[in-house]
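Chemist:
There are 2 protein chains.
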Amino acid sequence: MTKVTLIGSGNVAQHLIRAFKNQAVLNSEIELIQVYTRKPESLLHLLDSGKITNDWDNLEESDVYILAVSDDAIATVSSQLPFKNRLVVHTSGGVALASLNDKNRKGIFYPLQTFSKNKLVDFTTIPICLEAQNENDYQILEQLAKSISNSVFSIDSDQRKALHVAAVFVNNFTNHLYQIGQEICLEHHVPFDILKPLILETAQKIIALSPQEAQTGPAKRNDTGTLEAHQLFLTNENQKNIYTILTQSIQSNAKKL
Amino acid sequence: MTKVTLIGSGNVAQHLIRAFKNQAVLNSEIELIQVYTRKPESLLHLLDSGKITNDWDNLEESDVYILAVSDDAIATVSSQLPFKNRLVVHTSGGVALASLNDKNRKGIFYPLQTFSKNKLVDFTTIPICLEAQNENDYQILEQLAKSISNSVFSIDSDQRKALHVAAVFVNNFTNHLYQIGQEICLEHHVPFDILKPLILETAQKIIALSPQEAQTGPAKRNDTGTLEAHQLFLTNENQKNIYTILTQSIQSNAKKL
């Protein structure tokens, strides 16, 4: 049996708690034995109070300690752990393995997804990116990851950094384009809901087609009449600027093909 | 009974033919009586050859003629129609009502979705944006639209232009960000598939949350350490430039809240 301890109570921690509880129904190989948080009350809807502690001295021995804390807190929290030579991993795409304190064995357990407090996710479809310093530790992490997800990858630190930057483009920046779409709708008294089926289909297309194959629109067609009309229609300088930069980027890509 | 004639054989025309055929199973109020195309062979997998013509003189009388042709062809094709005072509509988000020839009554029948040749869509969920020059024509278009979609809107030309520009942001530009994500993955030997669940979840979030509520990431948190690390990591000047512009735009939005 592999024992897991979770440290943290934020979005990622809560989604991991749910995932480990779900797998426990089918699988007796992995047990979430304890969660450390400074705010035990924030987890009482998910766990029995006997499994929650806010005292480092009450931490039980475990095979893996998962730090699901904010990026800034990883170095500090890993230095506060009152033990050494155990396997301690963090869940961040953007923080180096080296940020974990040297007194313990280090690893990464990075679920690549955007988590919201009030929206459940199917953890079995979420890619989990793993890194460890030796094969034995990797196998522990792999067993753990495979108990909650069907999509587990060995990803080194350079690859993880690439994924994190790419995720900013496809998640944070994409969401910002949705926001600009909403702003344009508001300004012209059109319900933003009209665009939602298009937003969903744009994402779903990528499952079957490459982004190159899926690319459409006036920039791809080099339809200069429409491009000029859109520039004249936009009243916000920032929106105009983003329109220009992304149009040029699509056009220079089209030329490369 | 309302009779419909379709002109065109491209993506939009083919998806409309499928939608009208599907509704005809349940509904005898609307009949697609004929399709005009210069390439009859391109529609034989969808329609009986007796319903397809490539000769303007063979066009039968109909209640609505839907021009599902490319933006550039709308003016020319509408001037070639061998009749007058009938209801002629186009399906484009980016072309003015006035582009239709004056000899017929004009309207818009704009399904707001991205259509691919090899990917079927559920037409009942696609918003259809309608415009007509009088109430009677509007009612004909509304009956037609409601026979194939549960999502029908009265949208004037200014609103339609806004939707078309907003659609470029949430569809064409978003797809281009997916492509940049893929380029970064390729460069660092990471499978792009790892990002696909994130892409889907980013879109699905928008159904329940506003883009403002859904916004996350280093730009939103003003995490300057991560922002600088990402800038250093990117090797492509175009990608760096897009990263900077979109980060600044998210930050200036965050300040407004």
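The listed protein sequences derive, respectively, from chains A and B.
Just so you know, we're using this note's numbering here: the first sequence kicks off at 1 and counts up by one.
Just so you know, we're using this note's numbering here: the second sequence kicks off at 258 and counts up by one.
Ideal Cβ positions, reconstructed from N, Cα and C, are used throughout, including at glycine.
From a predicted model like this one, the values you see are computed outputs, not experimental measurements.
1. From what residue to what residue does the beta strand (DSSP E) around Thr73 of chain A run?
2. If Ala325 of chain B sits next to Thr348 of chain B, beta carbons under 8 Å apart, how far is it from one beta carbon to the other, in whole angstroms?
3. Met258 of chain B and Glu298 of chain B - do their beta-carbons sit closer together than 8 Å?
4. Decide yes or no for the touch test of the segment 241-249 of chain A against the segment 353-361 of chain B: beta carbon pairs closer than 8 Å, at least 3 of them.
5. Counting only C-beta atoms, is Tyr178 of chain A closer than 8 Å to chain B at any point?
6. If contact means a Cβ-Cβ distance below 8 Å, which residues of the segment 458-469 of chain B contact chain A?
7. Could you tell me whether any Cβ in chain B is nearer than 8 Å to the Cβ of Leu234 of chain A?
8. Would you say Ile507 of chain B lies against chain A (beta-carbon separation less than 8 Å)?
9. Which chain A residues are close to Gln416 of chain B, counting only those with a beta carbon under 8 Å from its beta carbon?
10. Short check: CB of Lys117 of chain A to CB of Asn11 of chain A, under 8 Å?
11. Going by DSSP, what residue range makes up the beta strand (DSSP E) through Gln291 of chain B?
12. How would you list, in chain order, the residues of chain A whose beta-carbon sits under 7 Å from the beta-carbon of His487 of chain B?
13. When you compare the CB of Gly217 of chain A with every CB in chain B, is at least one pair closer than 8 Å?
14. Assign Glu458 of chain B to one of two classes, buried (16 or more other C-beta atoms within 10 Å of its C-beta) or exposed (fewer than that).
15. Per the contact definition of three or more C-beta pairs closer than 8 Å, is the segment 154-173 of chain A in contact with the segment 399-414 of chain B?
16. Below 8 Å between beta carbons: does that hold for Thr381 of chain B and Lys205 of chain A?
17. I think Asp63 of chain A touches Leu87 of chain A, with their Cβ atoms under 8 Å apart; what is that distance to the nearest whole Å?
18. By the criterion of Cβ-Cβ separation under 7 Å, what are the contact partners of Phe430 of chain B in chain A?
19. What's the gap between the Cα of Gln278 of chain A and the Cα of Leu130 of chain A?
20. Would you tell me roughly how many angstroms separate the C-alpha atoms of His445 of chain B and Pro475 of chain B, rounded to the nearest one?
21. When we look at the beta-carbon of Asp57 of chain A and count the other beta-carbons within 10 Å, is it buried (16 or more) or exposed?
22. Counting along the chain, where does the beta strand (DSSP E) carrying Gly107 of chain A start and finish?
23. Can you find the residues in the same chain that come closer than 6 Å, C-beta to C-beta, to Ile385 of chain B, ignoring five residues on each side of it along the sequence?
24. Look at the Cβ atom of Ile499 of chain B, then the Cβ atom of Ile456 of chain B, and state whether they are nearer than 8 Å.
25. In whole angstroms, what is the alpha-carbon distance linking Ser147 of chain A and Ile7 of chain A?
26. Would you say Val4 of chain A faces chain B, with C-beta separation under 8 Å as the test?
27. Compare the beta carbon distance of Gly364 of chain B and Leu398 of chain B with 8 Å and say whether it is the shorter of the two.
28. In chain order, what residues of the segment 394-411 of chain B put their CB closer than 9 Å to some CB of chain A?
29. Quick one: grab the DSSP three-state call for Pro357 of chain B.
30. With 8 Å as the threshold, decide whether the Cβ of Asn241 of chain A is near any Cβ in chain B.
31. Compare the C-alpha of Gln23 of chain A against each of A:Val4, A:Thr235, A:Ser9 and name the closest.
32. Are the CB atoms of Ile331 of chain B and Val165 of chain A within a distance shorter than 8 Å?
33. Tell me whether Lys278 of chain B sits in a helix, a strand or coil according to DSSP, three-state version.
34. In chain A, what lies closer than 9 Å to Ala389 of chain B by C-beta?
35. List, in chain order, every chain B residue whose beta-carbon is nearer than 7 Å to that of Gly181 of chain A.
Modeler: Quick answer:
1. The residue you call residue 73 of chain A lines up with position 73 of the first sequence. It should be noted that the sequence gives Ala, not Thr, for residue 73 of chain A. Where Ala73 of chain A is concerned, there is no enclosing beta strand (DSSP E), given that its DSSP letter is neither H nor E.
2. Locating residue 325 of chain B in the second sequence gives position 68, counting from the first residue. Locating residue 348 of chain B in the second sequence gives position 91, counting from the first residue. Ala325 of chain B to Thr348 of chain B, Cβ: 5 Å. Contact.
3. One-based indexing of the second sequence puts residue 298 of chain B at position 41. One-based indexing of the second sequence puts residue 258 of chain B at position 1. No; because the gap between Cβ atoms is not below 8 Å, this pair is not in contact.
4. no
5. One-based indexing of the first sequence puts residue 178 of chain A at position 178. Closer than 8 Å: yes.
6. Glu458, Thr459, Ala460, Gln461, Lys462, Ile463, Ile464, Ala465, Leu466, Ser467, Pro468, Gln469
7. By one-based count along the first sequence, residue 234 of chain A stands at place 234. Yes, because at least one Cβ of chain B sits closer than 8 Å to the Cβ of Leu234 of chain A.
8. Sequence index remark: in the second sequence, residue 507 of chain B carries index 250 (1-based). Yes, its Cβ sits closer than 8 Å to a Cβ of chain A.
9. Counting from 1 along the second sequence, the entry for residue 416 of chain B is found at position 159. Under the 8 Å cutoff, chain A gives His188, His189, Val190.
10. Your numbering for residue 117 of chain A matches position 117 in the first sequence. Your numbering for residue 11 of chain A matches position 11 in the first sequence. In contact: Lys117 of chain A and Asn11 of chain A (Cβ atoms closer than 8 Å).
11. Taking the second sequence and counting its residues from 1, one reaches residue 291 of chain B at position 34. Taken as a continuous stretch (DSSP letters only), the beta strand (DSSP E) holding Gln291 of chain B covers 287-293.
12. For the purposes of this step, residue 487 of chain B is identified with residue 230 of the second sequence, where counting begins at 1. Under the 7 Å cutoff, chain A gives Val165, Val168.
13. What you label residue 217 of chain A is simply residue 217 of the first sequence in a count that begins at 1. Cβ-Cβ to chain B under 8 Å: yes for Gly217 of chain A.
14. Working through the second sequence from its first residue, we reach residue 458 of chain B at position 201. Buried.
15. no
16. Locating residue 381 of chain B in the second sequence gives position 124, where the first residue counts as 1. Locating residue 205 of chain A in the first sequence gives position 205, where the first residue counts as 1. No; because the gap between Cβ atoms is not below 8 Å, this pair is not in contact.
17. Here residue 63 of chain A corresponds to residue number 63 of the first sequence, with the count starting at 1. Here residue 87 of chain A corresponds to residue number 87 of the first sequence, with the count starting at 1. Correct: roughly 7 Å between the Cβ atoms.
18. On the second sequence, residue 430 of chain B is found 173 positions in, with the first residue counted as 1. Here the neighbours are Leu177, Leu246.
19. Residue 278 of chain A falls outside the range modelled here, since chain A spans only 1 to 257, and no answer is possible.
20. Numbered from 1 along the second sequence, position 188 holds the residue referred to as residue 445 of chain B. Numbered from 1 along the second sequence, position 218 holds the residue referred to as residue 475 of chain B. Going by the C-alpha atoms only, they are around 21 Å apart.
21. In the first sequence, counting from the first residue as 1, residue 57 of chain A sits at position 57. Exposed.
22. If you number the first sequence from 1, residue 107 of chain A lands on position 107. From DSSP, the beta strand (DSSP E) with Gly107 of chain A extends over 105-111.
23. Position 128 of the second sequence, counted from the start, is the residue given in the question as residue 385 of chain B. Once the five neighbours on either side are set aside, the close Cβ partners of Ile385 of chain B are Pro368, Ala402, Ser406, Val409.
24. The count along the second sequence starts at 1 and reaches residue 499 of chain B at position 242. The count along the second sequence starts at 1 and reaches residue 456 of chain B at position 199. Not in contact: Ile499 of chain B and Ile456 of chain B (Cβ atoms no closer than 8 Å).
25. Residue 147 of chain A sits at position 147 when you count from the first residue of the first sequence. Residue 7 of chain A sits at position 7 when you count from the first residue of the first sequence. So the alpha carbons of these two residues sit roughly 19 Å apart.
26. Stepping through the first sequence from its first residue, residue 4 of chain A is reached at position 4. Not closer than 8 Å to any Cβ of chain B, the Cβ of Val4 of chain A fails to qualify, so no.
27. The residue given as residue 364 of chain B occupies position 107 in the second sequence. The residue given as residue 398 of chain B occupies position 141 in the second sequence. The answer is yes: Cβ separation under 8 Å.
28. Ser408, Phe410
29. Start at 1 with the first residue of the second sequence, and residue 357 of chain B comes out as number 100. Before going on, a small fix: residue 357 of chain B reads as Leu here, not Pro. Of the three classes helix, strand and coil, the one that applies to Leu357 of chain B here is coil, per DSSP.
30. On the first sequence, position 241 is the one that residue 241 of chain A refers to. At least one chain B Cβ lies under 8 Å of Asn241 of chain A.
31. The residue given as residue 23 of chain A occupies position 23 in the first sequence. Considering only alpha carbons, the answer is A:Val4.
32. By 1-based counting over the first sequence, the position of residue 165 of chain A is 165. By 1-based counting over the second sequence, the position of residue 331 of chain B is 74. The answer is no: Cβ separation not under 8 Å.
33. Taking the first residue of the second sequence as position 1, residue 278 of chain B is located at position 21. Here Lys278 of chain B sits in helix by DSSP.
34. Here residue 389 of chain B refers to the residue found at position 132 when the second sequence is read from its first residue. Per Cβ cutoff of 9 Å: no residues; Ala389 of chain B is ~18 Å from chain A at best.
35. Locating residue 181 of chain A in the first sequence gives position 181, counting from the first residue. Chain B residues near Gly181 of chain A: Ala423, Phe426, Val427.
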